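Residue numbers (the numbering used here): 653 to 1250.
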């Protein structure tokens, strides 16, 4: 299925086209009937699969997209390998959101020019009417190669009334992932060549790396269009970031050998900090420019730093993070410097970086039986030559992917902030401000995938990753303000009620965030109306674009936006974890990490 929509393989004049030429970067390299040992490997999600853009004749019946099921919960194993329909949940709220994002896609002149220059655009949906957000995700690449896990709860209609394929209903958009299964290992040594490595598995019984040994395959990745290797294997057994072991993500090839498609340092994701900064003054310096100015000195390292709220015992504050807690993730990445510096750093010593939000959930990781962060980025990302697709991306895809991710090439700082009035309390059933922010971010990412219908999302001063991500935050707080009733405001006291205290804290936080988001006292017209204007679809001249940007100038520069937001949350009593990586993995002497310096 989906063959009717398949365009010829993209010409290899961009990074995506280069990567696709390697067999191990194609889904067919990993047959579904080959699975790793279940006592050593865990699935990345309960429901996983590969998105398939529906053939034109099936669009009306599918009303979403198709998914080739790669993994299903116990009791539904028979669906693995079959193709089902994937739709959003049939509720008034989700229908309102997804139908409002359904657009005709007609490439404008800028989109056609971008394609000619090698940018990956959703060419397979060009010219189609009523393109929904699931189709724009499935059709984002020239090939059906986007693998996802489905957000819970998933509802299955195994025998639909129309007699068609089973239907899976989900509450929000799928999350892009890399691989199907993961394990926790230590690398011992290369085995025979520079692509195969002997690893030893972690044993939960002994809480040590003394489990079974295995040889895994780590294919040498393809250099990007600038000649930079996204990841290297050399010396990974000695890598600084691997001191506590590595999570390896992937699937088995036809011979049953596990292929490592992505990695994550365990040291980075576990709730066991390598450093604690108890002083708020020092913490504010650490999350500011001072904390990232020596990036090159940290090359190869992964850092995990905990910032407790002021006046709270650090151990008690750390213990307060429990399974099921959510945190707002504030993300910024830096540049690729050194001998093989990327074009942006060759052209200018100033580097802006990239900004994004995300959500980190505390989970009990079953292999190590310890608390760990499960991270999803909500990437408002312009179209690009790598094929990185705007939407929800798991850590394994966006950072850890050896071919497509940034672990080996870019320095990354993720700050995970938790403030009960914003992120919610454990077991809370009402909609939290964080959940609202996520909703608006997902809407923005869907707009970005199709350029608002014009085909491409490009970067301008007023419409970029930081500006449009912060528009989603503004929209969430606007809804919150509208729903705080007069009675809520009148009953706010200094009493013992956690609800009353959260309302008071939220109003104070909202006031500060509003001053940050709209420093001149009035929102940009597109923000105030929640207009669907964004990079690639903004039909403004340069001066008008710049004037619009100045209405929310603090969100124009990614690194400034990230530092300012983190500082606001910390000053309001948030606890935070700062997760840094500086070109981790094997040795690559040709590049050096450069954090944003503006």
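Just so you know, even glycine gets a beta-carbon here, dropped at the ideal spot from N, CA and C.
Quick caveat, the model's predicted, so the values are computed rather than measured.
Residues near residue i by beta carbon distance below 6 Å, same chain, minus five either side
i            : result
residue 713  : 816
residue 1028 : 827, 1010, 1011, 1044 and 1046
residue 1073 : 1154, 1157 and 1158
residue 1215 : 940
residue 896  : 918 and 919
Cβ pair residue i, residue j closer than 8 Å
i            : j            : result
residue 1009 : residue 1210 : no
residue 789  : residue 872  : no
residue 905  : residue 869  : yes
residue 989  : residue 1248 : no
residue 741  : residue 822  : yes
residue 894  : residue 839  : yes
residue 738  : residue 820  : yes
residue 829  : residue 1049 : yes
residue 978  : residue 1076 : yes
residue 919  : residue 926  : yes
residue 1238 : residue 996  : no
residue 1124 : residue 1168 : no
residue 1041 : residue 798  : yes
residue 736  : residue 721  : yes
residue 766  : residue 1035 : yes
residue 705  : residue 846  : no
residue 1071 : residue 1225 : yes
residue 875  : residue 1108 : no
residue 1132 : residue 694  : no
Cβ shell of residue i (< 8 Å), same chain only, five flanking positions each side left out
i           : result
residue 974 : 1014, 1023 and 1078
residue 725 : 698 and 699
residue 865 : 840, 850, 851, 852 and 853
residue 877 : 665, 666, 667, 670, 770 and 1037
Simplified DSSP assignment, three categories, for residue i
i            : result
residue 950  : helix
residue 975  : coil
residue 840  : strand
residue 899  : strand
residue 889  : helix
residue 1129 : helix
residue 1177 : Only weak support exists for where residue 1177 lies, its pLDDT of 44 falling under 50; the coordinates are left without a value.
residue 1075 : helix
residue 1102 : helix
residue 694  : strand
residue 715  : coil
residue 869  : strand
residue 1046 : strand
residue 1201 : In this predicted model, residue 1201 has a pLDDT of only 40, less than 50, meaning its place in the structure is not dependable enough to derive any value.
residue 1192 : Unreliable placement is indicated for residue 1192, whose pLDDT of 41 sits below 50; the coordinate value is still reported in the next sentence. Coil at residue 1192, not helix or strand.
residue 1017 : strand
residue 1138 : Below a pLDDT of 50, predicted positions are generally treated as unreliable, and residue 1138, at 46, falls in that range; no measurement from the model is reported.
residue 1026 : strand
residue 1145 : With a pLDDT of 41 at residue 1145, under the threshold of 50, the modelled position of that residue is not reliable, and no figure is offered here.
residue 914  : strand
residue 1250 : coil
residue 904  : strand
residue 821  : strand
residue 1059 : coil
residue 745  : helix
Beta-carbon proximity list for residue i, same chain, < 7 Å, skipping 5 on both sides
i            : result
residue 1242 : 990, 991 and 992
residue 1017 : 1024
residue 892  : 952 and 953
residue 676  : 871 and 911
residue 1234 : 947, 950, 951, 952, 953, 1063 and 1245
residue 810  : 818
residue 730  : none
residue 1145 : For residue 1145, the pLDDT reaches just 41, beneath the cut-off of 50, and the residue's location in the model is therefore unreliable, leaving the point undetermined.
residue 1053 : 830, 913 and 914
residue 930  : 960 and 966
Expected contact under 8 Å - CB spacing of residue i and residue j to nearest Å
i            : j            : result
residue 1032 : residue 1089 : Not a contact, Cβ separation roughly 12 Å.
residue 1213 : residue 1127 : Not a contact, Cβ separation roughly 16 Å.
residue 686  : residue 863  : Going by Cβ atoms, the distance from residue 686 to residue 863 rounds to 21 Å, so no, they are not a contact pair.
residue 786  : residue 716  : 5 Å
residue 1129 : residue 1094 : About 17 Å; that fails the 8 Å criterion.
Contact with chain C by residue i, beta-carbon distance below 8 Å
i           : result
residue 861 : No chain C appears in the structure shown, which is made up of a single protein chain.
Open item on the list: Assess contact between the region 941-960 and the region 1228-1238, defined as three or more Cβ pairs (one per stretch) separated by less than 8 Å. Is contact present?
Closed with: yes
Open item on the list: Quick check: the region 829-846 against the region 909-918, are at least 3 beta-carbon pairs closer than 8 Å?
Closed with: yes
TODO: Mind the definition here: the region 878-892 touches the region 1054-1069 only if three or more C-beta pairs lie below 8 Å; say whether that holds.
DONE: yes
Open item on the list: Does the contact criterion of 3 or more C-beta pairs under 8 Å hold for the region 1063-1083 versus the region 976-986?
Closed with: yes
Open item on the list: Under 8 Å, with one C-beta from each stretch per pair, do the region 769-776 and the region 792-804 reach the 3-pair mark?
Closed with: yes
Open item on the list: Measuring CB atoms only, is the region 1095-1107 touching the region 742-758, in the sense that at least three cross pairs come out at less than 8 Å?
Closed with: yes
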